[in-house]
Structure formats: structure tokens, C-alpha cells
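> Below is one structure. I have some questions about it.
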Amino acid sequence: MISNSVAQRVLLFNVVALPAMLYTGKQFIPAKETLRKLTNLQKQFVCSNTTDPTRHKLNPALVFSPGEEGGLGLQDIQLALQATRCNLADKWLQGEKDIYKTAWRAKPPTKQH
């Protein structure tokens, strides 16, 4: 049985921390070392301060499985970043409006005297 505090931390991570990582990761592909540090940060955030002695026995399949399937629904950072970049590339190829594409194609401002 997973404690409520772990489930709440998973929800908090998915709602607050992960979107910030995805926002930055959309445009800048993180290095392998950065991904490793982010994954460690995620694990420490979810499992820290748990007094339950079974905290080290969390099955990754349970933690990363969607809530509809009985899991906790913790997002895999690397997989989420890849999916976000694929989605952005698909938008660009279809010519949909995107603030990043608009900024990338914009001409730099000229100096006015």
C-alpha cells in the first residue's frame, strides 16, 4: 500500500515541477547528465521524508503506470520531453501557430536614432 503522502507528491510533481521542465526542454535538448540529475531530483522529491519502511520497495511499474491502471501516474521526464518535442515539431510541420516559431522567424529589432 502506497501512503497518501507519496501519491500527493507525485501529483504535485506532475502539476508543478514537470511543466516547468517541459517548457524549457521544448527548445533546449538537455544533456544526459542533466536528465540524470532531473530524474534523481524527481525520485528524491517523491520518496523523501517517507517514514514507511517500504519506501525503497516501490515498483517502477506501479509508480509510472497511469492512475486509470492502478498506478501513481508519475511522468517519466525523458519520455515526456521527447513527446513534447515531437508534438512541437509536428505543429511546426503543419504550419500551426506557435509562439516559439513566431519568435524564431522574427527579425531582430533595428536601432532607431
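Numbering (mature numbering (1 follows the signal peptide of the UniProt record, and there is no 0)), first residue to last: -17 to -1, 1 to 96. Just so it is clear, CB atoms sit at the ideal spot from N, CA and C, and this is done for glycine as well.
1) Straight-line CA distance for Lys90 to Gln10?
2) Cutting at 8 angstroms between CB atoms, please list the residues of its own chain near Asn(-4), excluding the five before and the five after it.
3) Can you tell me whether Arg88 is buried or exposed? The criterion is at least 16 other CB atoms within 10 Å of its CB, across all chains shown.
4) For Leu5, which of Lys15, Arg68, Leu(-6), Ala14 has the nearest alpha-carbon?
5) How far does the alpha helix (DSSP H) with Ala89 in it extend, from its first residue to its last?
Taking the structure as given:
1) 19 angstroms
2) Gly56, Leu57, Gln58
3) exposed
4) Arg68
5) Element bounds for Ala89: n/a, residue is neither H nor E.
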